[in-house]
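Asker:
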Amino acid sequence: MTELSTLPDENTKRFIAVLNKKVEMGRLYNALGHMTAGLVAHINNPESLCFLQYKDKDGGIHPAISHFPFIVLKADNSNKIRKVRAELLQRDIPFTDFTDTMIVGSSAAQLHATSETPEQALEYFGVCMFGDTDILKEFTGKFSLFK
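Mapping the sequence shown onto the working numbering, position 37 (from 1) lands on 285, and the numbers just tick up by one.
(1) Between Ala361 and Thr349, what straight-line distance do the alpha-carbon atoms span, to the nearest angstrom?
(2) Would you give the residue range spanned by the beta strand (DSSP E) that Tyr346 belongs to?
(3) Going by beta-carbon coordinates alone, are Ser326 and Tyr372 separated by less than 8 angstroms?
(4) Thr254: which of Met283, Cys298 and Arg275 sits nearest, CA to CA?
(5) Quick one: what's Asp380 bridged to in DSSP?
(6) Could you give the DSSP three-state label for Ser242: helix, strand or coil?
(7) Where does Ile309 sit, in a helix, a strand or coil, going by DSSP?
(8) Here's a check: name, in chain order, each residue in its chain whose Cβ is nearer than 8 angstroms to the Cβ of Val352, leaving out the five neighbours to either side.
(9) Quick check: the Cα distance between Ile341 and Gly307, rounded to an integer number of angstroms?
Quick look at the structure:
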């Protein structure tokens with residue numbers, strides 16, 4: 249069992265996903281899954297995510313749940329997500345995003361569609377990030393929880 253006293257305060261960092269409320273829920277779930285998997289792959293030091301192994305009374309293992317919170321917020325539209333993405337780029341904070349061009353056909357078709365679409369024409373389904381809570385709240389604090 250992980251010694252919790254050796255871990256950083258769980259409120260110092262967090263995952264945040266900002267999802268476009270105009271997109272159908274099934275597509276948002278798909279986007280969130282892709283973004284989260286990509287974000288974990290994008291983190292240079294995965295140990296910094298502080299994954300825990302939960303063990304139930306019967307000895308069953310429930311693996312790889314982060315010690316840090318994962319907050320899901322909603323944006324009114326794609327442009328609000330675009331602004332968050334720009335802030336993440338400017339601050340060099342790890343993130344992934346998901347756009348409408350990533351749902352057309354095969355991976356090859358998606359790559360092609362994205363490469364042929366100017367950034368301003370992309371419809372953002374969401375953006376997912378990991379970082380210091382205080383910094384992320386500076387530009388995500390205006391969004392409400394996705395319920």
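Cβ coordinates follow ideal geometry from the N, Cα and C atoms, glycine included.
Keep in mind it's a predicted model, so treat the numbers as computed, not measured.
Answerer: Considering the structure as presented:
(1) As a position in the sequence shown, residue 361 is number 113, starting the count at 1. As a position in the sequence shown, residue 349 is number 101, starting the count at 1. The C-alpha of Thr349 is placed about 6 angstroms away from the C-alpha of Ala361.
(2) The count along the sequence shown starts at 1 and reaches residue 346 at position 98. This sequence places Phe at residue 346; Tyr is not what is there. Its beta strand (DSSP E) spans residues Phe343 to Thr347.
(3) Here the question's residue 326 lines up with position 78 in the sequence shown. Here the question's residue 372 lines up with position 124 in the sequence shown. In this structure, Tyr372 lies closer than 8 angstroms to Ser326 by Cβ.
(4) Walking along the sequence shown from the start, residue 254 turns up at place 6. With distances taken between Cα atoms, Thr254 lies closest to Cys298.
(5) As a first step, residue 380 is located in the sequence shown; it is residue number 132 there, counting from the start. Paired residue(s): Lys261.
(6) Because the chain in this structure spans residues 249 to 395, residue 242 falls outside the shown range and cannot be described.
(7) Locating residue 309 in the sequence shown gives position 61, where the first residue counts as 1. Here DSSP, grouped into helix, strand and coil, assigns Ile309 to strand.
(8) One-based indexing of the sequence shown puts residue 352 at position 104. Excluding positions up to five away in sequence, the list reads Gln358 and Ala361.
(9) By one-based count along the sequence shown, residue 341 stands at place 93. By one-based count along the sequence shown, residue 307 stands at place 59. Distance between the alpha carbons of Ile341 and Gly307: 38 angstroms.
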